[in-house]
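*Asks:*
There are 2 protein chains.
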Amino acid sequence: MELLEESGETALSLRAVARRAGVSPAAPYRHYADRQALDSAIAAVGYRELAEWLAAAHPSPSTPEQLASVAVAYVQFALERPALFRIMFGESCDRDNDERVAATAAVSAYVRSIAQRTFPQADAEALATAIWALVHGLAFLYLDGKLDAPTPSAVADRVTAAIQALLTVTRPDARPSPGESRSGAGSPGV
Amino acid sequence: MELLEESGETALSLRAVARRAGVSPAAPYRHYADRQALDSAIAAVGYRELAEWLAAAHPSPSTPEQLASVAVAYVQFALERPALFRIMFGESCDRDNDERVAATAAVSAYVRSIAQRTFPQADAEALATAIWALVHGLAFLYLDGKLDAPTPSAVADRVTAAIQALLTVTRPDARPSPGESRSGAGSPGV
DNA sequence: GACTCGATGTTTACAGTGCTCACATTATCG
DNA sequence: CGATAATGTGAGCACTGTAAACATCGAGTC
Chain A
1 MELLEESGET ALSLRAVARR AGVSPAAPYR HYADRQALDS AIAAVGYREL AEWLAAAHPS
61 PSTPEQLASV AVAYVQFALE RPALFRIMFG ESCDRDNDER VAATAAVSAY VRSIAQRTFP
121 QADAEALATA IWALVHGLAF LYLDGKLDAP TPSAVADRVT AAIQALLTVT RPDARPSPGE
181 SRSGAGSPGV
Chain B
191 MELLEESGET ALSLRAVARR AGVSPAAPYR HYADRQALDS AIAAVGYREL AEWLAAAHPS
251 PSTPEQLASV AVAYVQFALE RPALFRIMFG ESCDRDNDER VAATAAVSAY VRSIAQRTFP
311 QADAEALATA IWALVHGLAF LYLDGKLDAP TPSAVADRVT AAIQALLTVT RPDARPSPGE
371 SRSGAGSPGV
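So the sequence lines, in the order shown, correspond to chains A and B.
Quick note on my numbering: the first sequence kicks off at 1 and runs consecutively.
Quick note on my numbering: the second sequence kicks off at 191 and runs consecutively.
Here it is as structure tokens:
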């Protein structure tokens, strides 16, 4: 974890960990089966810290505004600890790691409870999935620079705006406009 | 690209590319400055293929249902070509790579045009961000096994359900309590 | 045609990595 | 106290990214 905070994810190696611990390069293999096991262990810790971080933003959100503040916290976590976040989510998950599955299940349950509390009338399962995905996607798009993140507060504003936008969209009683598709104007160019 | 499809992202190395090309280990350096440059080039191709893939799902969506079909396509792309998708989004983006920024800008514009067409009355910018994030998040959560993906059609169903759930949520009349800023004041450590 | 020069490829080399194995040390507990 | 499990060590292998010096080859010019 120290290495991650100091020098990012590329600096993380079993050998570097060994050096930091003042121990021979092979020693870590007594504690972690392989590199992936180390990653899983770190990720598990990360999930727990993420849960605490979110709870600190709001222990039990029950309004869209409170939900938004937790969403902002999620994105902030990703941006403040990018290396950790990438290890938590940017790799194929080792599904055999119990610690790891338990921790992610906890996050998942937490999101579901928020969804249920905030929108009791909705399909909680689907809504929870959607909310987690929305927030998770925002985090990654910012992390990858697909969305500009000039200042933390600008990010916070855009996150809340995005959530606001989705929640306030009223389903247009879809009568497809007779004129129909404005010629390929919106097709993906490139 | 061949290497990616055949053996996943871990099999991708400059040396492996050289071998595949029947050429010495140092030869690729005449074409790519370093490993990251190779990744960027691959990613740029990936963005273009993603754009085509989405356009194939629906050339210019203008209803929530059509939007959902494009969303499903996005997630499918991620699941069918995980290694490519991870290179496109799972690494810190090299912002100096022109090809790359252009391609992602195109995707971004594409999403915005969909948002605008489908929900003309909404804040297009924010909504586009939200939709992209939602879909992107779904893709990553599935990719990482945070959401179970038993069959492609089950995934498709859950993706549409998630979008449906978000779009049909009616906003409960919860007016922001006075004094609470909407940009997430109350979240820790900002 | 000879000649230059830029693009491309080759060789060799170095440092860092994951990982294994045989061996040493230490700690714990019966 | 001594057996035994836990932990650490060293050397070594195959692989990676990257660099530098050297070779080749092709297109265009005199």
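Ideal placement from N, C-alpha and C gives every residue a C-beta, glycine not left out.
Is DSSP giving S309(B) helix, strand or coil here?
*Replies:* Translated into the one-based positions of the second sequence, residue 309(B) becomes position 119. In the sequence as displayed, the identity of residue 309(B) is Phe instead of Ser. Of the three classes helix, strand and coil, the one that applies to F309(B) here is coil, per DSSP.
*Asks:* Can you round the beta-carbon distance between E199(B) and A268(B) to whole angstroms, since I take them to be within the 8 Å contact cut?
*Replies:* Here residue 199(B) corresponds to residue number 9 of the second sequence, with the count starting at 1. Here residue 268(B) corresponds to residue number 78 of the second sequence, with the count starting at 1. Not really, about 13 Å apart at Cβ, beyond 8 Å.
*Asks:* Is E195(B) buried or exposed, if buried means 16 or more other CB atoms sit within 10 Å of its CB?
*Replies:* Against the second sequence, residue 195(B) aligns to sequence position 5. Exposed is the call here.
*Asks:* When you compare only the Cα positions, how much space is there between A133(A) and Y264(B)?
*Replies:* Here residue 133(A) is taken as the residue at index 133 of the first sequence, counted from 1. Here residue 264(B) is taken as the residue at index 74 of the second sequence, counted from 1. C-alpha separation (whole angstroms): 13 Å.
*Asks:* Any C-beta of chain B sitting closer than 8 Å to the C-beta of L14(A)?
*Replies:* On the first sequence, position 14 is the one that residue 14(A) refers to. Taking Cβ atoms only, chain B never reaches closer than 8 Å to L14(A), which makes this a no.
*Asks:* For E196(B), name the three-state secondary structure that DSSP assigns.
*Replies:* On the second sequence, residue 196(B) is found 6 positions in, with the first residue counted as 1. DSSP places E196(B) in helix when its eight states are reduced to three.
*Asks:* For the alpha helix (DSSP H) that contains E80(A), what are its first and last residues?
*Replies:* One-based indexing of the first sequence puts residue 80(A) at position 80. Start and end: 64-80.
*Asks:* Which residue marks the beginning of the alpha helix (DSSP H) containing L204(B), and which one marks its end?
*Replies:* Taking the first residue of the second sequence as 1, we reach residue 204(B) at position 14. From DSSP, the alpha helix (DSSP H) with L204(B) extends over 204-210.
*Asks:* Whole-angstrom Cβ separation of Q226(B) and D288(B), contact assumed at under 8 Å?
*Replies:* Your numbering for residue 226(B) matches position 36 in the second sequence. Your numbering for residue 288(B) matches position 98 in the second sequence. With a Cβ gap of about 14 Å, Q226(B) and D288(B) do not count as contacting.
*Asks:* What are the start and end residues of the alpha helix (DSSP H) that includes L337(B)?
*Replies:* Translated into the one-based positions of the second sequence, residue 337(B) becomes position 147. No alpha helix (DSSP H) holds L337(B); DSSP gives it neither H nor E.
*Asks:* Using only alpha-carbon positions, find the residue among E255(B), A299(B), A295(B) that is nearest to I353(B).
*Replies:* Position 163 of the second sequence, counting from 1, holds the residue named residue 353(B). With distances taken between Cα atoms, I353(B) lies closest to E255(B).
*Asks:* Within 8 Å (strictly less), CB to CB, does H326(B) reach chain A?
*Replies:* Translated into positions along the second sequence, residue 326(B) becomes position 136. So, interface residue.
*Asks:* One question on the structure: do A156(A) and D313(B) come within less than 8 Å of each other, judged by their Cβ atoms?
*Replies:* In the first sequence, counting from the first residue as 1, residue 156(A) sits at position 156. In the second sequence, counting from the first residue as 1, residue 313(B) sits at position 123. Their beta carbons are not under 8 Å apart, which means A156(A) does not touch D313(B) by this criterion.
*Asks:* Along the stretch 86-104 of chain A, where does the CB come closer than 8 Å to a CB of chain B? Name the residues.
*Replies:* R86, F89, G90, E91, S92, C93, R95, T104
*Asks:* Take every Cβ of the stretch 236-247 of chain B, pair it with every Cβ of the stretch 215-224 of chain B, and state whether three or more of those distances are shorter than 8 Å.
*Replies:* Flag = no, the stretch 236-247 of chain B and the stretch 215-224 of chain B do not touch.
*Asks:* P342(B) by DSSP, collapsed to three states: which one?
*Replies:* Numbered from 1 along the second sequence, position 152 holds the residue referred to as residue 342(B). Looking at P342(B) - three-state DSSP - the assignment turns out to be helix.
*Asks:* Output yes or no for whether 8 Å exceeds the beta carbon distance between V325(B) and A261(B).
*Replies:* Taking the second sequence and counting its residues from 1, the one referred to as residue 325(B) is at position 135. Taking the second sequence and counting its residues from 1, the one referred to as residue 261(B) is at position 71. Result yes, Cβ atoms of V325(B) and A261(B) sit closer than 8 Å.
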